[in-house]
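Q: Quick one: structure below, then a few questions.
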Amino acid sequence: MSEHKHFISIWLFIGSLLLVYGLLILGSGIYELSHPLRKTLAELHAPIWWGGLLIVLGVGYILIFRPRREK
Amino acid sequence: MGSWPKCKRLTFGYTFRVDQSLALLILQAGRSRLMTLNTVDLIIIGVYFAYVLGIGYYLKRFAKSGEDFFLAGREMTAWIAGLSFLAANLGSLELMGWAGNAYRYGILATHWYWVGAIPAMLFLGIVMMPFYYISKTHSVPGYLQLRYGEPARALGAVSFGFMTVLMSGINMYAMAKVMHVVLGWNMDLSIWVSSITVVIYVALGGLLSAIFNEVLQFMLIWLGALLIPVLGLIEAGGWNGLVQKISVRMHADYTHLWGPMGTFDNPMGIHWTGIVLGLGWVISFGYWTTDFLVVQRVLSARDLRSAKLAPIIGSAFKMAVPFIVILPGLLGLALLPADLHLTTAEIADATGGHSYDEVLPLMMVRYFGPGLLGLGITALIAGFMSGMAGNVSAFATVWTYDIYRAFIKKSAPDNHYVSMGRWCTIIGVMASIGTAYLVRYFGSIMDYVQALFSFFIAPLFGTVLLGMLWKRGTRHGGFWGLLAGTASSIAMFVWVKLDPSAVGYVALSHKAMDQAQNMYRALWSWLICVGVTVVVSLLTRPTPEKELEGLVYGLTSVPSEGHLPLYKRSIFWAVVVAVVFIVLQWIFW
Chain A
64 MSEHKHFISI WLFIGSLLLV YGLLILGSGI YELSHPLRKT LAELHAPIWW
114 GGLLIVLGVG YILIFRPRRE K
Chain B
1221 MGSWPKCKRL TFGYTFRVDQ SLALLILQAG RSRLMTLNTV DLIIIGVYFA
1271 YVLGIGYYLK RFAKSGEDFF LAGREMTAWI AGLSFLAANL GSLELMGWAG
1321 NAYRYGILAT HWYWVGAIPA MLFLGIVMMP FYYISKTHSV PGYLQLRYGE
1371 PARALGAVSF GFMTVLMSGI NMYAMAKVMH VVLGWNMDLS IWVSSITVVI
1421 YVALGGLLSA IFNEVLQFML IWLGALLIPV LGLIEAGGWN GLVQKISVRM
1471 HADYTHLWGP MGTFDNPMGI HWTGIVLGLG WVISFGYWTT DFLVVQRVLS
1521 ARDLRSAKLA PIIGSAFKMA VPFIVILPGL LGLALLPADL HLTTAEIADA
1571 TGGHSYDEVL PLMMVRYFGP GLLGLGITAL IAGFMSGMAG NVSAFATVWT
1621 YDIYRAFIKK SAPDNHYVSM GRWCTIIGVM ASIGTAYLVR YFGSIMDYVQ
1671 ALFSFFIAPL FGTVLLGMLW KRGTRHGGFW GLLAGTASSI AMFVWVKLDP
1721 SAVGYVALSH KAMDQAQNMY RALWSWLICV GVTVVVSLLT RPTPEKELEG
1771 LVYGLTSVPS EGHLPLYKRS IFWAVVVAVV FIVLQWIFW
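If you're matching them up, the sequences are chains A and B in order. Everything in the first sequence is counted per our numbering, starting at 64 for the first residue and increasing by one. Everything in the second sequence is counted per our numbering, starting at 1221 for the first residue and increasing by one.
What follows is the structure, encoded as structure tokens:
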């Protein structure tokens, strides 16, 4: 968000948070490969692709909304 | 067990009921928590708290004037205002309560998201927003003052403040309950930790901070809850598989929106007239167009076009919310073990079972391991906090501008009112904490909120609507209509509680359950409000037209969007949303 010229975009906050969450969840998913859980549909390895999705979203937001020097 | 007082409980029969304390405590002690969080889950939750507090601290420097603190400087884009508009409504009640209602009533619960929201949100954007925005009011009671004078403002502000504190208390209660049931956390600790966090970031950055965090929370809610329906549909074999499983289990129609509503013989015990007239008209239009909690977000928009677009953007996302709320409830109905029969909260407490409102966490436990579980719990906490912050920031504005400045200290420097807003944030949360300890009246959390809506929001909608569209409405008419509508709604509620057979008169059927009663009570109170307003207005002296400029249809110059390309016009996007809405009704008819 850039409603005010001095604000850091809210999307940058969101992007960085999603990146952190994505890394943590992806890491958990990788750990579960060697330590399987007794969960329904665990064989789909949801943490791996969901964590990956969060990382992609996070990096995307950061790149698009990173602070740029004003010309 | 937490230290939550459960031995005594108020009922609406106006008697104290003492539960079988010892037996109950033993049963509850035996009720194990649903899940245990891993280190990575706790890190995810901790990071979330650090972010919301950090955002509040960062934004404090931008919240210096009253306009900044109470209206976010009126600088929000349509997207931010629209997402915040929706996120403020996506509290714990939405996530937990409506997933529970979907389990209990089936797909009929979706009416609260579609016919009970979309037309009203579009109406707000296209018809009502110009009057709010052009009048430059800072609040809905502020509009009442401009249109009807101080008595109407006072009544609107006091009833809104009362309702908001109660709503905030409900949010806290719901949050503490889920943390206790799901994680075994102490309920008092949950209430205080979340409340203090909200106090800090709202008191620091005002509405600006609340809106920033609501957008963040909106994203987390979606990303934390979206995986449940995805995995659930895979397990159920798609929508058709889900429908088949439910019909085998329930032997009733739980998967059609309108088909079962020709009679009262459906899971909710409501006729389509109650849904269309009570929910789709009065409750929905009342909430989405006059509840300052949501309207405040739109008033923060940077220009009229953004203010008109914001509710339309919100409505598009609102149509999708059943995917993360209603669908998990239906999936729970189809997939959770048959012996895990969910019940009302009171029965669950007494038997050690699970209540309807626990269906969402139960589905999380079913699919989520460490990491995802932390994200799911964070989504719930985010929902709680966005709802709470919404209530608190709206309460601070109404108290400061419509009660304190209007009736207590009329002229003071701007920074005095900002300071009052900060203090009011703290006081409002403290009052909400108090009410959280009283909120244990209804089997389903959402029923209670709907009762409050019918008390205050339904008549308010009649008053505001006539104020905007009928220039003959007078100050006396507005005030007495609002008072009569509110009083009649409360009177009907008390009547049914004292004499349950009165349901047949109020809700047209003895089969009507709480939700159905709320719908009809709202409808009657709205009609009474409108009737009294019209009669009193016609009997009193008209307000001079010059005083109504910028407030009423026909006396307000609304800038045209005709010079804009089609895709930038608010009416175009409203039509797109309306078409999708109609198609959805047809698909799930």
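Where is the CB? At the ideal position from N, CA and C, for every residue including glycine.
Between B/L1245 and B/D1569, what straight-line distance do the alpha-carbon atoms span, to the nearest angstrom?
A: Residue placement at B/L1245 is poorly supported in this model, since its pLDDT is 34, which falls under 50; the coordinates are not used for a value here.
Q: Would you call the segment 1576-1587 of chain B in contact with the segment 1312-1327 of chain B, where contact means no fewer than 3 C-beta pairs closer than 8 Å?
A: Judged by Cβ distances under 8 Å, the segment 1576-1587 of chain B makes contact with the segment 1312-1327 of chain B, as three or more pairs qualify.
Q: I'd like the ranges of any alpha helix (DSSP H) spanning at least 4 consecutive residues and lying wholly in the segment 1561-1599 of chain B.
A: Entirely contained in the segment 1561-1599 of chain B, the alpha helix (DSSP H) runs reaching 4 residues are, in chain order, 1565-1571 and 1579-1587.
Q: Residues of the segment 76-109 of chain A with a CB closer than 9 Å to any CB of chain B: list them in chain order, please.
A: Those would be F76, I77, S79, L80, L81, V83, Y84, L87, I88, L89, G90, S91, G92, Y94, E95, L100, K102, T103, L104, A105, L107 and A109, in chain order.
Q: Helix, strand or coil for B/M1539, going by three-state DSSP, please let me know.
A: If DSSP states are grouped into helix, strand and coil, B/M1539 belongs with the helices.
Q: B/L1718 to B/M1712, Cα distance in whole Å?
A: So the two alpha carbons sit approximately 10 Å from each other.
Q: Could you have a look at B/M1296 and say whether DSSP puts it in helix, strand or coil?
A: Three-state result, B/M1296: strand.
Q: DSSP state of B/A1340, grouped into three classes?
A: Of the three classes helix, strand and coil, the one that applies to B/A1340 here is helix, per DSSP.
Q: Excluding sequence positions up to five away, which residues of its chain have a Cβ less than 6 Å from the Cβ of B/A1283?
A: Hits under 6 Å: F1289, G1425, G1426 and L1428.
Q: On the DSSP letters alone, give me the boundaries of the alpha helix (DSSP H) that B/G1654 sits inside.
A: D1634 to A1656 is the span of the alpha helix (DSSP H), which, as asked, contains B/G1654.
Q: Taking only beta-carbon atoms, is B/E1455 less than 8 Å away from chain A?
A: With 8 Å as the cut-off, B/E1455 counts as an interface residue toward chain A.
Q: Per DSSP, what kind of secondary structure is B/A1521 in: helix, strand or coil?
A: It is a strand residue.
Q: With distances taken from CA atoms, which of B/I1263, B/A1270 and B/S1285 is nearest B/H1636?
A: Considering only alpha carbons, the answer is B/S1285.
Q: Spell out whether any CB of chain A is found under 8 Å from the CB atom of B/L1451.
A: Taking Cβ atoms only, chain A reaches closer than 8 Å to B/L1451, which makes this a yes.
Q: Secondary structure at B/L1273, three-state DSSP: helix, strand or coil?
A: Helix at B/L1273.
Q: Counting only beta-carbon atoms, is A/L126 nearer than 8 Å to chain B?
A: No, A/L126 lies away from the interface with chain B (no Cβ there is under 8 Å from its Cβ).
Q: When the distance is taken between beta carbons, is B/R1525 closer than 8 Å to B/E1781?
A: Contact flag set, yes.
Q: Can you find a CB in chain B that lies within less than 8 Å of the CB of A/I111?
A: Not an interface residue.
Q: Using only CA atoms, which one of B/S1708, B/V1796 and B/G1697 lies nearest to B/V1754?
A: Of the listed residues, the one whose Cα sits closest to B/V1754 is B/G1697.
Q: By the three-class DSSP mapping on this structure, what secondary structure does B/F1484 have?
A: Coil at B/F1484, not helix or strand.
Q: Determine the contact status of B/Y1393 and B/R1695, defining contact as a CB-CB distance below 8 Å.
A: Contact: no.
Q: Helix, strand or coil for B/L1810, going by three-state DSSP, please let me know.
A: Lying outside 1221 to 1809, the shown extent of chain B, residue 1810 of chain B is not represented and no answer is given.
Q: Rounded to the nearest angstrom, how far is the Cβ of B/L1672 from that of B/L1702, given a contact under 8 Å?
A: Their Cβ separation, rounded to whole angstroms, is 16 Å, which puts B/L1672 and B/L1702 out of contact at 8 Å.
Q: What are the residues of the segment 1420-1449 of chain B that lie near chain A, defined by any Cβ-Cβ distance shorter than 7 Å?
A: Those residues of the segment 1420-1449 of chain B that come within reach of chain A (Cβ to Cβ, closer than 7 Å) are F1432, V1435, L1436, M1439, L1443 and L1447.
Q: Please compile the residues from chain B whose C-beta is within a distance smaller than 9 Å of the C-beta of A/I118.
A: In chain order: nothing, as chain B lies at least about 12 Å away.
Q: Between the segment 1644-1656 of chain B and the segment 1718-1733 of chain B, do at least 3 Cβ pairs fall closer than 8 Å?
A: No, because fewer than three Cβ pairs between the segment 1644-1656 of chain B and the segment 1718-1733 of chain B fall closer than 8 Å, the two stretches do not touch.
Q: Would you please state the rounded distance, in angstroms, between the beta carbons of B/A1340 and B/S1504? I believe it to be under 8 Å.
A: Confirmed, Cβ separation roughly 4 Å.
Q: Taking only beta-carbon positions, decide if B/F1537 is within less than 8 Å of chain A.
A: Answer no: the Cβ-Cβ gap between B/F1537 and chain A never drops below 8 Å.
Q: Kindly list, in the order they appear in chain A, the residues whose Cβ is closer than 9 Å to that of B/I1628.
A: Per Cβ cutoff of 9 Å: no residues; B/I1628 is ~32 Å from chain A at best.
Q: I believe B/A1319 touches B/G1549 by the beta-carbon criterion, under 8 Å. Please report the beta-carbon distance rounded to the nearest angstrom.
A: That pair is a contact at about 4 Å.
Q: Helix, strand or coil for A/E95? Go by DSSP, reduced to three states.
A: The answer is helix: DSSP assigns A/E95 an H, G or I state.
Q: Distance check for B/V1267 and B/G1500, CA to CA, integer angstroms please.
A: Going by the C-alpha atoms only, they are around 40 Å apart.
Q: Could you spell out where the alpha helix (DSSP H) holding B/T1256 opens and where it closes?
A: Counting along the chain, B/T1256 falls outside any alpha helix (DSSP H), and DSSP gives it neither H nor E.
Q: Would you mind sorting B/L1590 into buried or exposed? The rule is 16 or more other CB atoms within 10 Å of its CB.
A: Before going further, note that residue 1590 of chain B is Pro rather than Leu in the sequence given. Label assigned to B/P1590: buried.
Q: In chain A, which residues lie less than 9 Å from B/G1589 when you measure between Cβ atoms?
A: Those within 9 Å of B/G1589 in chain A are S91, G92, E95, L100, K102, A105, A109 and P110.
Q: In whole angstroms, what separates the C-alpha of B/A1722 from that of B/N1738?
A: Taking the straight line from one Cα to the other gives about 13 Å.
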